[in-house]
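Sequence positions in the sequence shown follow UniProt numbering and run 1 to 282. Ideal placement from N, C-alpha and C gives every residue a C-beta, glycine not left out.
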Amino acid sequence: MQWIMAKSAPESDDKNESPAEENSSDSEPDFDDPYADVAYSEESATDGQSLELGEFSLDDLGAAYARAAAAHDPESFVAPPELEPAEEGEEVENASDLVDDVGMGVTPEGIVEAALFVGHPENKLFNAARLASLMRDVTEEEVIEIIQTLNESYRQAGQALRIVEEETGYRMTIAPAAESIRQSFLGKVREARLSHGAIEVLSLVAYQPGITAQKVQDQRGQESGSLLNQMVRRRLLELKRETPAEGGRKVPHYYVTERFLILFGLDSLDDLPQVEESLWEG
1 MQWIMAKSAP ESDDKNESPA EENSSDSEPD FDDPYADVAY SEESATDGQS LELGEFSLDD
61 LGAAYARAAA AHDPESFVAP PELEPAEEGE EVENASDLVD DVGMGVTPEG IVEAALFVGH
121 PENKLFNAAR LASLMRDVTE EEVIEIIQTL NESYRQAGQA LRIVEEETGY RMTIAPAAES
181 IRQSFLGKVR EARLSHGAIE VLSLVAYQPG ITAQKVQDQR GQESGSLLNQ MVRRRLLELK
241 RETPAEGGRK VPHYYVTERF LILFGLDSLD DLPQVEESLW EG
């Protein structure tokens with residue numbers, strides 16, 4: 001290792017040795033160091049030039065990491081055993097067993113969770129149809145069930161993740177209970193006042209869970225779609241697409257969220273003040 005030897009060698013008695021000769025080894029990469037080629041390339045780049053990176057696949061990145069880690073701790077990184085070629089006449093079903101073993105860690109739940117966690121490259125939401133297209137033999141209805149199962153597992157495990165549905169699809173966010181932790185990192189959040197119309201919309205949904213946008217509009221006597229969308233964006237309401245009893249296309253139904261309950265100091269909707277049901281008849 002030339003660089004280390006140059007640093008650890010005693011100083012020369014020759015007082016006239018030029019500084020350029022003393023530091024000559026520093027300008028060359030240490031080829032025993034797996035990161036030396038990267039560091040050397042960055043230092044040798046001239047002003048006004050940037051390093052150009054080629055296109056790498058995930059396999060390339062994984063292999064590069066394994067090589068770098070193995071250089072520091074070779075015993076911890078052992079190359080996987082090579083598969084012996086199948087002998088002539090060997091049953092083909094062994095190959096299918098191998099494929100099953102390789103893919104046994106990939107599940108529809110894992111794919112849906114990973115897609116929502118990483119997010120769309122263009123910051124768009126994933127709808128059920130798009131998520132279903134990422135997998136074989138999985139329908140939109142099954143994707144919705146998977147999302148419900150994931151949310152339930154998050155709640156039972158006390159995890160801070162939640163998957164919420166908005167007008168154009170699903171996104172992953174944090175649980176309302178973890179909001180204070182997020183705010184401690186982001187700083188104080190500016191308080192916002194709800195308009196009278198927003199409070200009306202929230203009241204109608206809170207007292208009539210599963211109400212449709214059309215019923216909200218009929219009971220208020222004015223268009224309410226924009227307010228409903230605003231409350232969904234603020235995570236006070238969530239929408240679920242449900243099939244009507246008479247059949248047909250699924251219709252969005254609105255429900256209050258955990259965040260709504262926390263902000264209004266409610267353990268459940270049963271804690272709401274009691275009112276006459278006739279007041280909500282449209």
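Problem set entry | Delimiting residues of the beta strand (DSSP E) encompassing Thr173 | Gly169 to Ile174
Exercise. Can you name the start and end residues of the alpha helix (DSSP H) that His196 belongs to?
Worked result: His196 to Tyr207
For this session: Pull up the distance between the alpha-carbon of Glu122 and that of Met135, whole angstroms please.
Result: 21 angstroms
Problem set entry | Host beta strand (DSSP E) of Pro252 (start-end) | Val251 to Val256
Exercise. According to DSSP, which residues form a beta bridge with Val164?
Worked result: Arg171
Problem set entry | Ala128 versus Val164: straight-line alpha-carbon distance, rounded | 12 angstroms
Exercise. What three-state label does DSSP hand Lys215 in the structure shown?
Worked result: helix
Exercise. From which residue to which residue does the alpha helix (DSSP H) around Glu179 run?
Worked result: Note, Glu179: alpha helix (DSSP H), Glu179 to Leu186.
For this session: Please name the residue in Gln208, Pro244 and Ala178 whose C-alpha comes closest to that of Leu237.
Result: Gln208
For this session: May I ask you to verify whether the region 225 to 237 touches the region 143 to 159, counting CB pairs closer than 8 angstroms and requiring at least 3?
Result: no
For this session: Would you kindly check if the distance between the Cβ of Leu204 and the Cβ of Arg220 is under 9 angstroms?
Result: yes
Exercise. Touching or not, the region 249 to 258 and the region 209 to 216, by the rule of three or more beta carbon pairs under 8 angstroms?
Worked result: Using a C-beta cut-off of 8 angstroms, the region 249 to 258 makes contact with the region 209 to 216, since at least three inter-stretch Cβ pairs fall below that distance.
Exercise. What is the DSSP secondary structure of Leu266, counted as helix, strand or coil?
Worked result: coil
Exercise. What are the boundary residues of the beta strand (DSSP E) that includes Arg241?
Worked result: Leu237 to Glu242
Exercise. Does the distance from the CB of Leu186 to the CB of Phe117 come in under 9 angstroms?
Worked result: no
Exercise. Under 9 angstroms, do Glu166 and Val232 count as touching if we go by C-beta distance?
Worked result: yes
For this session: Report the option in Glu258, Asp267 and Leu266 whose CA atom is closest to the CA atom of Ile174.
Result: Glu258
Exercise. Just the Cα atoms here: how many angstroms apart are Gly158 and Phe126?
Worked result: 25 angstroms
For this session: For Phe126, write down the residues that DSSP places opposite it in a beta bridge.
Result: Tyr170
For this session: Note the first and the last residue of the continuous alpha helix (DSSP H) segment covering Ala157.
Result: Glu140 to Ala157
Exercise. Taking the C-alpha atoms as reference points, what is the distance between Glu246 and Thr212?
Worked result: One C-alpha to the other measures close to 15 angstroms.
Exercise. Which residue comes first and which comes last in the alpha helix (DSSP H) that contains Glu113?
Worked result: Pro108 to Val118
Exercise. If we ignore side chains and look at the alpha-carbon of each, how far apart do Tyr170 and Ile147 end up?
Worked result: 9 angstroms
For this session: For Ala206, I'd like the list of residues in its chain whose CB is within less than 8 angstroms of its CB, leaving aside the five on either flank, ordered along the chain.
Result: Val256, Phe260, Leu269 and Leu272
Problem set entry | Rounded straight-line distance, which links the Cα of Lys250 to that of Pro244 | 7 angstroms
For this session: Check whether the Cβ atoms of Ile262 and Ala198 sit closer than 9 angstroms, and answer yes or no.
Result: no
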